[in-house]
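Trainee: Chains as they are written, first to last, in the numbering used here: chain A, 1 to 607; chain W, 608 to 1214. Handing you a structure now.
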């Protein structure tokens, strides 16, 4: 291997790898050969083989010491070079879709992930993925030393109404019923405490069907851990020791040990948030790490609709001194045993001591609006399990991707996963999600809704525009459901967004299009067009009329065979932009071209 | 912890754990206390606390040396006992659903897995799950020492038409499209070789929607491994060294080292199979392990319909000396680079050197019946990836559950997984698969087929029987689709199976019931009932008429409002049995009771 050659001066070696760069000097060429252990310079007569970057080759040659002046201090093998005797091309590389000698950050994501196997050859990605393997191993070894058992919990599990949205898996043996993929192994790890394992961990894959962001993919991995016969500080101590050990083994420096512990109240007062970066600008530049624990969170908070919801985890125990008040009905001001680990301003993980008292658990679920029946149906198995000698227990979950991002300074989860999904949920390299056969659906007892027709509405529009020889621009972006979000992801202004609404005018569906930042003046519209009754369509009606989901309807009445009314003020835009039948696709075009094709009735009816 | 007490004679210790057993001696009671490190005897005055088996307790007391005569050599702490000073009951246990002091093999599976958290307290299960953690760690440490990188590959991936049946996951962002859960990371690990990782492994969760057996669950875990710049023997050697090292560290003895290598042809000639146990009866009794490699398998075999299919893996390379013949069209007799590891008569794993030549890969897929278009659509991304400097590579997969089963002698995969599915695909402890909300289905763009009504056909029947005060017996079993399989899982004979067929008599649906081992004599039936045209319903028609899937139709015409004809010979059974609307549920009842409720037209029309 290339990593060994510096110790083999004078010897003939055989190396396999990839050509990284090639520099021609007449008949002689200099190649950089790369394998998993590093880079080395090859000196070769061109007659041996005409290799190009990224060809996979096997080279035999003699290791020579470089003259003092030629030493390259930038690579580990810079004191030597290989004088090639034979070069065998194992496999040629055709032209690459993007260069590999940059950090790759500026490459379009779709292209980058389509050719992820090439992107991963990049030095930065090789380091990140190898570091991840190392970090997870260090975590495991620390926990094994502390007598933890690693236990795998199921991927096919039960759908729960808590937390985020579940990914569902239709059951073939019980058509019409579904498994859910786990958002976390929370319940299983608590059951493992009931089972007497006392110290459990897992490097657990978790799945959440949430809209994607830079720091959130459909899949992430977490260190999931639970301990019996412990109090809050026991879990915090073991995690603190573990994190410290991993960071320091990897050469990191930690600003303050032991980690400061701050109450939620103090954190809000002092930093305005429960995540904060304790480092000075200089410490940040030096790559120093700062950790802190935040504790004493309120157990409950109010959601948008003013209803109580848990702030972190419904299975947590309230603080001992608040239990009585909570059981008596107090909600505001009840604190939880939750602890969050903050790392360089990010939430690196969180956990709590769990409630093992059925009265408290029931009260928690009642507080967040569950009926007794719902509690029994959703969590009856947990309450039952706790009736067989449950040990006091608590645990934590730390995001592995977040851990790597904090270590490396990467800001996208995609840069610390081997094969992430694109922002629109497409898999790397392979074309999924994709259509499946009718037989597969039949076996699972499901059929597709009519609205899947929407995938072709986009095609209908582009066909219409192409046939009319109109120039337009398409966007592929994350799913958006409001004019505001749409403008944001497209980086357009709201006024040029053509908002297409389905309305019922005296019982008949029509399409009304207004600028994205404006509203239909119902009264004005009725007067203008002599309509007695005008109302918005329901989302079901929108689907019925257009086969398109609400929020993705394009401003073409003719595609759906309904009359089209466009507000005058849309003409204030030279170009307009709109969702083209899908929440993830937009089209931009000249307003005049739009009118040419869509042939609307134009009037003034906005406010 | 209990494991430490033998070194603490005379000291006061505090121990937390579970009461394993209790023996009363008047005012004194002897308790066995259990924690994750072992058992110890507690001597306690009953006045301290009235504890019962499986209560979770904290006990403080003094460690005393036992008199010579009282030493218990069966437990590690048998030389001491604890004289209790305080006993705190942390959590009481209500009556257990089954005993924990047996090996638990005779307990009904549904009950056992419903209370899996108790079943896991059992000594045998604790050992198996802890051993699993240890084995996987030993595997990992061996591979890290050999410079492998552990890399996670995605769970949400593409459905492929190869191998077993995929579990599907509906996409919310692209309604109507589906991800598939991975049957193995085969393609990703090969892409990691293209990416230049050279030595990859993963302890990978794999999912297959197959009918369940003792040695197969929906989920299993495999050591998945791939290496670049290797030949067959390189992979075999590293795996052989790894397996040897793990088995021997755990105290096992291996019959023959290095492992014998046998060709498929010789194995069939000598043992009649490609899996064989090389041990004598005595070696088996001693727990000695025997391994062997099987190589030189035929690449292709004929399926039931006489079509060529690959014997192991379509991505494998044919043996070098067979490539030309294969490319020229030969199929029979072409050998693959596949290697299988046989352990005590079981297939412990298998792998191969992969084909990196697009011509060969294309020929393989053509041979198994794919068109050029299908190959491009399904595997185009792999062929593309191989055009960018692909290294020669090969790998292997070893089942972790099989590894544990071979080590422990367990015969069910469920005994080496923490939370397995039941044989009917139900999750441990939690009630899944289960119904999901209409909103969830709506978001995913799917609807349930009408046939999900079937879940209530079972209820229709039991209600009907209950109201008629009839005694009957129900079976829950794995899904069956033929009379033969049904008889097998129910342990009934075929003749007493009431096979209900939907037929069309002169265009109208009727139900015809015959004994499971007999057929309708169409001609006889037509003559008997003066029918001109009689034909079997299609599966769609069966669904339409009964809302029940073909193969699960119960013999009650009245439930579906159609006429019912029963063959005379069904009366030869005192009791009859039938699938009750679902493939996984059967009902058994007296034939006379059946006629009382179903009110059939009885005649002779079988052959």
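Virtual Cβ for every residue (Gly too), placed ideally from N, Cα, C. Owing to the predicted nature of the structure, the values given are computational and were not obtained by experimental measurement.
On the three-state DSSP scale, how would you describe residue 863/W?
Mentor: coil
Trainee: Which chain W residues are close to residue 440/A, counting only those with a beta carbon under 9 Å from its beta carbon?
Mentor: 766, 772, 773, 775 and 785
Trainee: Taking a Cβ distance cut-off of 8 Å, strictly less, list which residues of the stretch 90 to 109 of chain A are near chain W, in chain order.
Mentor: 90, 91, 92, 93, 94 and 96
Trainee: Can a CB atom of chain A be found closer than 8 Å to the CB of residue 725/W?
Mentor: yes
Trainee: Short of 9 Å Cβ to Cβ, which residues in the stretch 415 to 440 of chain A face chain W?
Mentor: 417, 418, 419, 420, 421, 424, 425, 426, 427, 428, 429, 430, 431, 432, 433, 434, 435, 436, 437 and 440
Trainee: In this structure, does DSSP put residue 536/A in helix, strand or coil?
Mentor: strand
Trainee: Using alpha carbons as the reference points, say which of 232/A, 91/A and 2/A lies closest to residue 990/W.
Mentor: Relative to the Cα of residue 990/W, the nearest Cα in the group 232/A, 91/A and 2/A belongs to 91/A.
Trainee: Can you tell me which of 758/W, 803/W and 911/W puts its alpha carbon nearest to the alpha carbon of residue 55/A?
Mentor: 803/W
Trainee: If you draw a straight line from the alpha carbon of residue 533/A to that of residue 582/A, how long is it in whole angstroms?
Mentor: 30 Å
Trainee: Applying the criterion that 16 or more other CB atoms from any shown protein chain within 10 Å of the CB defines a buried residue, is residue 214/A buried or exposed?
Mentor: exposed
Trainee: For the alpha helix (DSSP H) holding residue 652/W, just list the boundary residues, first then last.
Mentor: Unbroken run through residue 652/W is the beta strand (DSSP E), 645 to 652; no alpha helix (DSSP H).
Trainee: Name, please, each residue of chain W whose Cβ falls closer than 9 Å to the Cβ of residue 385/A.
Mentor: In chain order: 722, 724, 725 and 1036.
Trainee: Should residue 924/W be flagged as near chain A, meaning a C-beta pair shorter than 8 Å?
Mentor: no
Trainee: Any beta carbon of chain W sitting closer than 8 Å to that of residue 44/A?
Mentor: no
Trainee: Check whether the Cβ of residue 804/W lies closer than 8 Å to any Cβ atom in chain A.
Mentor: yes
Trainee: What is the residue span of the alpha helix (DSSP H) that residue 868/W lies within?
Mentor: Segment 868 to 870 is the beta strand (DSSP E) holding residue 868/W; no alpha helix (DSSP H) there.
Trainee: From residue 900/W to residue 993/W, what does the alpha carbon distance come to, in whole angstroms?
Mentor: 29 Å
Trainee: I'd like to check one pair, residue 563/A with residue 500/A: are the Cβ atoms closer than 8 Å?
Mentor: no
Trainee: Check residue 454/A in the structure and name its three-state DSSP category.
Mentor: Confidence at residue 454/A is low in this model, with a pLDDT of 45, below 50, so the placement of that residue should be treated as unreliable; the coordinate-derived value is given next. Three-state result, residue 454/A: helix.
Trainee: According to a CB-to-CB cut-off of less than 7 Å, which residues of the stretch 1191 to 1208 of chain W neighbour chain A?
Mentor: 1191
Trainee: Quick one: Cα of residue 1111/W to Cα of residue 1146/W, how far?
Mentor: 12 Å
Trainee: Buried or exposed: where does residue 635/A fall if 16 or more other Cβ atoms within 10 Å of its Cβ makes it buried?
Mentor: This structure leaves residue 635/A out entirely; chain A is present only between 1 and 607.
Trainee: Does the stretch 817 to 835 of chain W come close enough to the stretch 134 to 141 of chain A to have 3 or more Cβ pairs within less than 8 Å?
Mentor: no
Trainee: Going by DSSP in three states, residue 929/W sits in which element: helix, strand or coil?
Mentor: helix
Trainee: Can you give the Cα-Cα distance for residue 1202/W and residue 178/A, rounded to whole angstroms?
Mentor: 37 Å
Trainee: Could you check what DSSP says for residue 435/A in three-state terms: helix, strand or coil?
Mentor: coil
Trainee: Just to confirm before moving on: does the CB-CB distance between residue 401/A and residue 153/A stay below 8 Å?
Mentor: no
Trainee: Going by DSSP in three states, residue 526/A sits in which element: helix, strand or coil?
Mentor: helix
Trainee: Taking C-beta to C-beta, are residue 660/A and residue 470/A nearer than 8 Å?
Mentor: The structure shown has nothing for residue 660/A, since chain A only spans 1 to 607.
Trainee: Can residue 2/A and residue 33/A be called in contact, C-beta distance under 8 Å?
Mentor: yes
Trainee: So what does DSSP say about residue 1071/W, is it helix, strand or coil?
Mentor: helix
Trainee: So residue 565/A packs on residue 531/A, CB below 8 Å; how close in whole Å?
Mentor: So it is not a contact: roughly 10 Å between Cβ atoms.
Trainee: With a threshold of 8 Å between beta-carbons, can residue 547/A be considered close to chain W, or not?
Mentor: Not a single C-beta of chain W is nearer than 8 Å to the C-beta of residue 547/A.
Trainee: I'd like the ranges of any alpha helix (DSSP H) spanning at least 4 consecutive residues and lying wholly in the stretch 162 to 216 of chain A.
Mentor: 186 to 194
Trainee: Mind pulling the chain A residues with CB within less than 8 Å of residue 623/W?
Mentor: Near residue 623/W (Cβ distances below 8 Å), the residues of chain A are 228, 229 and 391.
Trainee: So, do the stretch 423 to 436 of chain A and the stretch 265 to 279 of chain A have three or more beta carbon pairs nearer to each other than 8 Å?
Mentor: no
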